[in-house]
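Residue 55 is where the sequence shown starts when you use my numbering, and the numbers rise one by one after that.
Think of the CB as a built atom: it goes at the ideal place given N, C-alpha and C, for glycine as much as any other residue.
This structure is a prediction, so every number in the text was calculated from the model and none was measured.
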Amino acid sequence: MDKTYTSRNGNIVLEVRSDLLSAWMTIRKSGGLIDENEISDMFDSAGITYGFDEAIQWMEKEGITKDYDIPFPIAISYKNEESKQLSFHTDKLDITDPEQALDHVMFDQLACVEAGTVIAGYDFNLFHQNKSVYNILGEMHSDENHSIVDLSGPNVEFDIGKQQYIALTDGFLYIDRNGRICILDRIIIDSTSISPSAVIRSPVSLLLIGDISDCDIISRQSIEVIGNVTNSSLYTESHLKVQGSIRDGSSKWIHVLGDTRCLSICNSRLLCKGKLIFTSQIINSVIIAESGIEGDFSESSIVGGQTLSSGDITINSVGDEFTLKTEIEVTISPYLKNLLMIKTRELLKLKHSYGDDHQMTRELNGEIGILEERLNQELNDFLQRPKEQKIMITVHNDVYPHSHFRVLKHTYTLKHHQSGIKLIEKE
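Structure, rendered in structure tokens:
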């Protein structure tokens, strides 16, 4: 709806059109004086800040002169209709719903954009030919109920000055159902689409729906599995969450740089830089969880295998009536120690296959040197920590015979069943 503003003496009328592309003034032939300050106040009341020069140019071009009782334009804005045309600088995922499950082959074939990358923009000068992105109020034009700023969806921002859309995080470009430009920072995969022996590499977080088995999964972000993980290797530079069990992976490693959460672990190997939190059982597995191990207060148990941490270990029970040996140990830097062992074995294989001077051998040798320096630093940090920081192993209920505990240099072996045990680090 058009808005009308009238001067106090009624001889000046200012009309602002509803599309905000022009404002028109009428001067009544009443003989009254025209107060320029009052006209300025009317502009302020209407909010007009843009388009004055354009109005003068239009009148000159059309040969129109000001006259009493005839409306003339006082402000004009030319909307640039070309603003709908976008140029994308990377391929798009063919989805509109970020919760849609994908076949991993879809994103394997697309390049991942990095945070800060220009993903789309306008290839022309929006201000050419006297056209503008602003209306007479100095506001950006809307584009069919969406300004070009509103086209920025999740994980995308619009740089008004450069007229570019920029990714705020690593991920894949897609257009959502509202036509917004978005970056997908989590991939959902239906596990039935994963073929045996598949290798999946993802630069973003992964959510796998269903059980996975016999595959290798690598992610720079978190991995979540709604199901079980069987005979598979997983690597994540963030956190791992498995709503089911990790099992039958004694020849492979689950390698996690963040925390690990799962129901249970059976006949598997876990190398975790963070903390392990589990609900049910750990059976005949090799567990390294640097920052601690926390089992469910009433259900958790560790039976057989070897469990190492440099943080507190808290569980419900240890061992059973039939297992010959269960080892649980608090030690310094178990993560780096075991990672060095793994890398050293890889180095020996490379030397055997390619020799000492091969590029892969030299690179791995350098990586091992860096890990050794980090290990020395962690050992020094541990020895210099405050004396009141004591690490402990706590078992709330059953502790069965043949359970072997070690807290740094002190060893404890149980020959008889007992209810509960608490072992605190000693000097």
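| Check | Outcome |
| --- | --- |
| Among Y104, D123, P127, which has the Cα closest to the Cα of K115? | P127 |
| In terms of residue numbering, what span does the beta strand (DSSP E) encompassing D244 cover? | 240-244 |
| Using a Cβ-Cβ cutoff of less than 6 Å, which residues in the same chain neighbour D452 once the five nearest sequence positions on both sides are dropped? | S371 |
| Bridge partners of D213, per DSSP? | Q218 |
| With H, G and I counted as helix, E and B as strand and the rest as coil, what does DSSP make of E348? | strand |
| In chain order, what residues of the same chain lie with their CB nearer than 7 Å to the CB of A418, ignoring the 5 residues before and after it? | Residue 418 is actually Leu in this sequence, not Ala. Here the set comprises K397, E400, L401, L404. |
| Which residue from R323, M55, G312 puts its Cα closest to that of V50? | Any property of residue 50 remains undetermined from this structure, which presents the chain solely from 55 to 481. |
| Evaluate Y176 with the Cβ neighbour count: other Cβ atoms within 10 Å of its Cβ, from every protein chain shown; 16 or more gives buried, anything less gives exposed. | buried |
| Looking only at C-alpha atoms, which of D270, E278, I300 sits nearest to T284? | I300 |
| What did DSSP end up calling T361 once you bin it into helix, strand or coil? | strand |
| What does the Cβ neighbour count give for T290, buried or exposed, with the cut at 16 atoms within 10 Å? | buried |
| According to DSSP, simplified to helix, strand and coil, what is R315? | strand |
| CB I386 to CB F436, shorter than 7 Å? | yes |
| Is DSSP giving I277 helix, strand or coil here? | strand |
| Tell me which residues share the same chain as Q154 and place their Cβ nearer than 8 Å to its Cβ, disregarding the 5 neighbours each side in the sequence. | I242 |
| Going by beta-carbon coordinates alone, are S318 and G373 separated by less than 7 Å? | no |
| Quick check: the Cα distance between R416 and D410, rounded to an integer number of angstroms? | 7 Å |
| Given a threshold of 16 other Cβ atoms within 10 Å of its Cβ, counted over all protein chains shown, does N209 qualify as buried or as exposed? | buried |
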